[in-house]
Amino acid sequence: MTRATPKSFHVKSFGCQMNVYDGTRMTELLAAQGLTEAGQDEADLVVLNTCHIREKATEKVYSDIGRIVKHSVEARGVRPMIAVAGCVAQAEGSEIPLRSKAVDIVVGPQAYHRLPALVADAATGVAALDTDMPTASKFGALPARRVTGASAFLTVQEGCDKFCTYCVVPYTRGAEVSRPWAQVMDEARALVEGGAREITLLGQNVNAWEGEDEAGRTRGLDGLIRALDRLPGLARIRYTTSHPCDMSEALIGAHGDVETLMPFLHLPVQSGSDRILKMMNRSHDSASYLRLIDRVRQARPDIAISGDFIVGFPGETESDFAATLALVETVGHAQAFSFKYSPRPGTPAADMDEQIPADVMEARLQRLQALLNSQQHAFNRATVGRHTRILIEREGRRPGQKLGKTPWLQSAHLATEAPIGSLIDVTIASAGPNSVAVEKI
Ligand code: 5AD
Ligand code: SF4
Numbered sequence: 001m002t003r004a005t006p007k008s009f010h011v012k013s014f015g016c017q018m019n020v021y022d023g024t025r026m027t028e029l030l031a032a033q034g035l036t037e038a039g040q041d042e043a044d045l046v047v048l049n050t051c052h053i054r055e056k057a058t059e060k061v062y063s064d065i066g067r068i069v070k071h072s073v074e075a076r077g078v079r080p081m082i083a084v085a086g087c088v089a090q091a092e093g094s095e096i097p098l099r100s101k102a103v104d105i106v107v108g109p110q111a112y113h114r115l116p117a118l119v120a121d122a123a124t125g126v127a128a129l130d131t132d133m134p135t136a137s138k139f140g141a142l143p144a145r146r147v148t149g150a151s152a153f154l155t156v157q158e159g160c161d162k163f164c165t166y167c168v169v170p171y172t173r174g175a176e177v178s179r180p181w182a183q184v185m186d187e188a189r190a191l192v193e194g195g196a197r198e199i200t201l202l203g204q205n206v207n208a209w210e211g212e213d214e215a216g217r218t219r220g221l222d223g224l225i226r227a228l229d230r231l232p233g234l235a236r237i238r239y240t241t242s243h244p245c246d247m248s249e250a251l252i253g254a255h256g257d258v259e260t261l262m263p264f265l266h267l268p269v270q271s272g273s274d275r276i277l278k279m280m281n282r283s284h285d286s287a288s289y290l291r292l293i294d295r296v297r298q299a300r301p302d303i304a305i306s307g308d309f310i311v312g313f314p315g316e317t318e319s320d321f322a323a324t325l326a327l328v329e330t331v332g333h334a335q336a337f338s339f340k341y342s343p344r345p346g347t348p349a350a351d352m353d354e355q356i357p358a359d360v361m362e363a364r365l366q367r368l369q370a371l372l373n374s375q376q377h378a379f380n381r382a383t384v385g386r387h388t389r390i391l392i393e394r395e396g397r398r399p400g401q402k403l404g405k406t407p408w409l410q411s412a413h414l415a416t417e418a419p420i421g422s423l424i425d426v427t428i429a430s431a432g433p434n435s436v437a438v439e440k441i
């Protein structure tokens, strides 16, 4: 069936920050083709940039498609063109249009530079599916970066070779690939020219990034950070997400002496039980993780530690779970994400014995989250009295108010006329569970 060529589009991203980045690049690509951005119910083309990491995220795609089509038909009497992008597209491929007839295009995370061609195919009624993982990178085929907000994402590394036994990422995003030095530096310059004061370097294992600098020397993420530190106009550098085994001494050292590198480290540990970590194929144990945190804190004593946790991995006993709580108590996390284990098709853990009942997982998640929340509050309280700076990122909830972030990634509202992108000297006056109150110095 032929379809009208879309004139407007809407991109909706789910899941991780790398998907947010890809969603931005798709937006830039479609805008460069002359399509205009529109609301979800008004757009001729809706791109769902999907997440496959847990079952719930995957199922959401299908319920969303039904709702989007229904709303569009009710609002305008037309069915939009639907593209499924991201990790569900990669994992489920040609099964998607079979499961949902409303889907016109399926495009994987390494192929979205071909979106305009796929839209043209779909308009002429040709099956539009591309889940290739080409060796030539998509990045060369994407338009230059546009104006950004105060804080921008920059993907520097994709894919994962770690094969944790619960995780689909090595299958959906492929092997670890680092973007070349010059490409990253060029994009960073474009982002700063477009208004970014902060750049967060992204990768599934961003601390495994490696490349050759202008002089042909092999550099790690620390080298890239040191080069970005010299970029005029760039005030803050962050990176996420990291694997404990790729945390080099040089990167730890950079936390000690690179002023623009923010004192925040997202370092997932997943569990505090060595038995479970082994079954997860994490290649580290709880003691090596704690030693690593000590070394990072020696380099940067005020650093905020963040992490990811999974409860209810197959075979997890009450004492394994107690080991996770004990590890959290020891570290004192400033922030964390915690999830119930979700068996994913094709991963080794999905076939393991002793899957944990849903009610046990739920109870453990509640206990872990209560502890993590209290630690986050304690971390925020410990920062009260500090003189620091916030980066104004967007308008606040109330008129005249703006939302800023401290170096430790705490949210802070401030009544100010200062434009987005300003850095303002403040004192942290008081702490809540999820944010801090600040006063202008
Ligand atoms: N079930 C639950 N959580 C998972 N994660 C990855 N795979 C799964 C899964 N199958 C979590 C990990 C990872 C984060 C991005 O998602 O904690 O660090
Ligand atoms: Fe998944 Fe493990 Fe790779 Fe992280 S390190 S993306 S959890 S396989």
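In my numbering, the protein residues as written are 1 to 441. All residues carry an ideal CB built from backbone N, CA and C; glycine is no exception. Because the structure is a prediction, the values reported are computed rather than measured.
It is roughly 46 Å from the alpha-carbon of Lys7 to the alpha-carbon of Arg217.
Residues Arg236, Met262, Pro263, Phe264, Thr388 and Arg389 of the same chain have their beta carbon placed closer than 8 Å to that of Pro407, with the five preceding and five following residues left out of the count.
Contiguous beta strand (DSSP E) elements confined to the region 277-315 occur at 304-311, taking only those with 3 or more residues. Restricted to the region 327-413, the alpha helix (DSSP H) segments that are unbroken, complete and at least 4 residues in length are 358-382, listed in chain order. Looking only at Ser286, Ala123 and Phe14, the smallest Cα-Cα distance to Ala326 is reached by Ser286.
At a Cβ-Cβ threshold of 9 Å, Ser342 and Lys56 count as neighbours. Taking a cut-off of 6 Å from the heavy atoms of the ligand SF4, the residues with a C-beta inside it are Cys160, Lys162, Phe163, Cys164, Cys167, Val169, Pro170, Gln204, Asn205 and His243. Residue side-chain check: Tyr21 keeps its Cβ at 8 Å or more from all non-hydrogen atoms of the ligand 5AD.
The C-beta distance from Ala349 to Thr165 rounds to 4 Å, short enough to meet the 8 Å contact threshold. Straight-line spacing of the CA atoms in Gly93 and Val46 works out to 18 Å. In terms of Cα proximity to Gly396, the closest of Asn380, Val384 and Leu414 is Leu414. Secondary structure of Gly195 (DSSP, three-state): coil. As for any alpha helix (DSSP H) of minimum length 4 sitting wholly inside the region 28-109, the runs are 55-76, 86-92 and 95-99, ordered along the chain. At the C-beta level, Leu365 and Gly312 come within 9 Å of one another.
For the set Val360, Leu372, Ser411 and Ala358, the Cα lying nearest the Cα of Thr330 is the one of Leu372. The region 317-326 and the region 266-286 touch, with three or more beta-carbon pairs separated by less than 8 Å.
For the ligand 5AD, no non-hydrogen atom lies closer than 8 Å to the CB of Cys87. Not one heavy atom of the ligand 5AD sits closer than 8 Å to the Cβ of Gln366.
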